[in-house]
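Asker: Take a look at this one; I'll ask things after.
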Amino acid sequence: MPKKTKSSKPAACGSCGGTDLVRRITTYPVMLTGDLEGRQIDVGRVALHQCRACGHMMPTPAGQAKVDRLVERGIELFRDLGGPRPPAGA
Ligand SMILES: [Zn+2]
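Take the sequence shown: its position 59, counting from 1, is numbered 45 in this note's numbering, and each next residue is one higher.
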């Protein structure tokens, strides 16, 4: 079990390596891949750290859990809307 730390702040930006990160709660857009490529799910009010240099967003563990949950739900919704369904009343 790794040592528990109070702050989950990443050491550096995962995109540009910058260390000037600011904690925010904001909308986190997720681009889908695979058969839902081109679709985007905007997850609202996600706790994350944003790089001041490039704007790259890194959700906190709690934020990431929320993103995973809502993306999963969003994918189900897209599948329901776009999936093949029997014609009604035919
Ligand atoms: Zn960056």
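Ideal placement from N, C-alpha and C gives every residue a C-beta, glycine not left out.
None of the values given here were measured: they were computed from a predicted structure.
State yes or no: is the C-beta of D6 within less than 9 Å of the C-beta of V16?
Answerer: Position 20 of the sequence shown, counted from the first residue, corresponds to residue 6. Position 30 of the sequence shown, counted from the first residue, corresponds to residue 16. It is not a contact, given that the beta carbons lie outside the stated cut-off.
Asker: Pull up the DSSP beta-bridge partners for T12, would you.
Answerer: In the sequence shown, residue 12 corresponds to position 26, counting from 1. DSSP lists V32 as partners of T12.
Asker: Is H35 near ligand 1 - that is, is its Cβ less than 8 Å away from at least one heavy atom of it?
Answerer: Position 49 of the sequence shown holds residue 35. No, since every heavy atom of ligand 1 falls outside the 8 Å radius drawn around the Cβ of H35.
Asker: Any idea if C40 is buried or exposed, counting beta-carbon neighbours within 10 angstroms, 16 or more meaning buried?
Answerer: The sequence position of residue 40 within the sequence shown is 54, counting from 1. It counts as exposed.
Asker: Using the Cβ count rule (16 or more neighbours within 10 Å means buried), how would you classify L63?
Answerer: Counted from its first residue, the sequence shown places residue 63 at position 77. The residue is exposed, with fewer than 16 neighbouring Cβ atoms inside 10 Å.
Asker: Please return the same chain residues whose Cβ sits closer than 7 Å to the Cβ of L131, not counting the five positions on each side in sequence.
Answerer: Since the first residue of the chain shown is -13 and the last is 76, residue 131 is not available in this structure.
Asker: Measure the C-alpha to C-alpha separation of V57 and C2 and round it to an integer number of angstroms.
Answerer: Stepping through the sequence shown from its first residue, residue 57 is reached at position 71. Stepping through the sequence shown from its first residue, residue 2 is reached at position 16. Rounded to whole angstroms, V57 to C2 spans 25 Å at the Cα level.
Asker: Is the shortest distance between the beta-carbon of M17 and the beta-carbons of chain C less than 9 Å?
Answerer: Chain labels in this structure do not include chain C; a single protein chain is all it has.
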